[in-house]
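Residue numbers (my numbering): 1 to 499.
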């Protein structure tokens, strides 16, 4: 697995308070940053005296020292992401607001806040003046806030409303996104968190781990989101990985004293059992889906855009091909697909039709391949009922979780490297992300796609995928047939040596 060097470790700050018991606050944040391969810096707002059973007291630092910490760090070690935790003093909170107003736009850092308004042992840190600062001044400066249910009710000033209305109120007051933590919910078996922004809304559901050793869960979750986001993951993806990190840490938590023990920090979560279920309203239609499994390993997988290309490659005995036709009239596209399916049967080719799922069903193709946009419009029940295999493209953890829950025949992971084949809304995933994604999908075949050529092929295969898809590595070559044969041989040799 790729390890960042000191020069490439992203810098993440925590602005919070010290926990003398070591399980929450600054200490938990720094443990999390280190476990996720970030360099953590700390700005201490207060020093608490606490152990595993109680908070005995605390003292804020002076406003001068607080601002001095912020300024000296910014001069030399500017952050990619700032996590805000417990700041138990209205004057410090007001100073932080002013500092963010001065520097956030220029330095382009993200700000994630865990609104610690009381301790898990019942110690209250909040005052009415602090609530006013949170609501009126700090929220518009935050990219994400992560309240639990009691904190959400208090911050929103809508104690009798449901959590959706309360979260909407925070969005109305200017925060970019809200992650409502469900640990205080009534369900004794499951915990459901809700993520909402103006662009996205989904739930994340996991089994409740009934352990006494859960000190610092809120601190760890928010600092894990900050660390993952510092590596360039989208905010929604950062929340998903952080939730898996927290579940992993809770699963291995340990006793420290007479009260609640601490979380055990590990590295980046890759095991599927730690990841949440993605709850999307539209997917309730597909609870009983059952797609046909792919009949043999995917292996080498050309993607072509015409019947003409198919006819050129068929004599070379390809095993799997995706036909992605984007140009032509509806009648012309249908004619090409109908003929392609007939030819595929003659050559015992597993032919996947991109996008045109109705035609794939009509003419009895081996399978259909859907991108994210197609997935929203396709009748998945009809595809499953027709007995077609299905592949789904993914470009993020959010898309990967959804695709995996639909149990397709394979999942495409991309784009791995920069590609000129088509305009991509996402950034190249790279090999490290590919390893993480492939490890997550250990029970469904995966196919890597995007910018893969002979020089990069072995490194891609080493990430644990079941196949590779290529476009320009064949169709843009001066001798496409020879390029096909070389790549096919290279893939077969790799799998033969690593069986």
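Backbone N, C-alpha and C define an ideal beta-carbon position, used for all residues, glycine too.
Judged by their CB atoms, residue 191 and residue 203 are not nearer to each other than the 7 Å cut-off. Per DSSP, residue 288 lies in no beta strand (DSSP E) and is assigned neither H nor E. In the structure shown, residue 188 falls within a coil segment according to DSSP collapsed to helix, strand and coil. For the options 144, 341, 349 and 377, the alpha carbon positioned closest to that of residue 198 is the one of 144. Contact annotation: residue 28 and residue 220 have beta-carbon atoms nearer than 7 Å.
No Cβ-Cβ contact shorter than 7 Å links residue 392 with residue 441.
As a beta-bridge residue in DSSP terms, residue 148 pairs with 181. For residue 268, the closest C-alpha among the options 13, 347, 17 and 31 is that of 31. Using a 10 angstroms sphere on the CB of residue 377, the tally of other CB atoms stays under 16, which defines it as exposed.
Here residue 207 is bridged, per DSSP, to 190.
By the CB criterion at 7 Å, residue 428 and residue 418 fall inside the cutoff. Contact check for residue 225 and residue 112: beta-carbon distance about 6 Å, within the 8 Å limit, so the pair qualifies.
Close CB contacts of residue 483 within its chain, under the 7 Å cut and outside five residues either way in sequence, are with 473, 474 and 477 (chain order). By the Cβ-count criterion, residue 433 is buried, with 16 or more other Cβ atoms from all chains shown falling within 10 Å of its own Cβ. Contact between residue 40 and residue 33 is confirmed by a C-beta separation of about 3 Å, below the 8 Å threshold.
Between the alpha carbons of residue 48 and residue 195 lies a gap of roughly 31 Å. Excluding sequence positions up to five before and after residue 218, its CB lies within less than 6 Å of the CB of 114, all in the same chain and listed in chain order.
Residue burial is scored here from C-beta neighbours: residue 88 has at least 16 other C-beta atoms within 10 angstroms and is therefore classed as buried. Under the DSSP assignment, residue 299 falls outside any alpha helix (DSSP H), being part of the beta strand (DSSP E) whose first and last residues are 299 to 304.
Taking a 10 Å sphere around the C-beta of residue 77, we find fewer than 16 other C-beta atoms and assign the residue as exposed. Around the beta carbon of residue 322, a 10 Å sphere encloses 16 or more other beta carbons of the protein chains shown; the residue is thus reported as buried. If you check the CB distance, residue 313 and residue 340 do not come in under 7 Å. According to DSSP, residue pairing for residue 49 in a beta bridge involves 57.
With distances taken between CA atoms, residue 443 lies nearest to 404 out of 415, 455, 404 and 458. Around the beta carbon of residue 451, 16 or more other beta carbons sit within 10 angstroms, so the residue counts as buried.
Looking from the CA of residue 396, the closest CA among 385, 371, 381 and 383 belongs to 371.
Only residues of its own chain outside the window of five on either side were considered, and among them 91, 92 and 95 have a CB closer than 7 Å to the CB of residue 63, listed in chain order.
Look at residue 173 here: in three-state DSSP terms it is coil, with no helix or strand label. The continuous alpha helix (DSSP H) containing residue 130 extends over residues 128 to 133. Under a 10 Å Cβ-count criterion, residue 72 is classified as exposed, with fewer than 16 other Cβ atoms of the shown protein chains found around its own Cβ.
Taking each of 154, 415 and 318 in turn and checking the Cα distance to residue 346, the smallest one comes out for 318.
Residue 248 is bridged by DSSP to nothing; it lacks a bridge partner. Inclusion of residue 447 and residue 301 in the CB contact set at 7 Å is warranted, their separation being smaller than that value. In its chain, beyond the 5 residues on either side, 52 and 53 have a beta carbon closer than 6 Å to the beta carbon of residue 259. For residue 227, same chain residues with a beta-carbon under 7 Å away, outside a window of 5 residues either side, are 12, 32, 33, 36 and 38 in chain order.
Counting the other CB atoms within 10 Å of its CB gives residue 159 a total below 16, which places it among the exposed residues.
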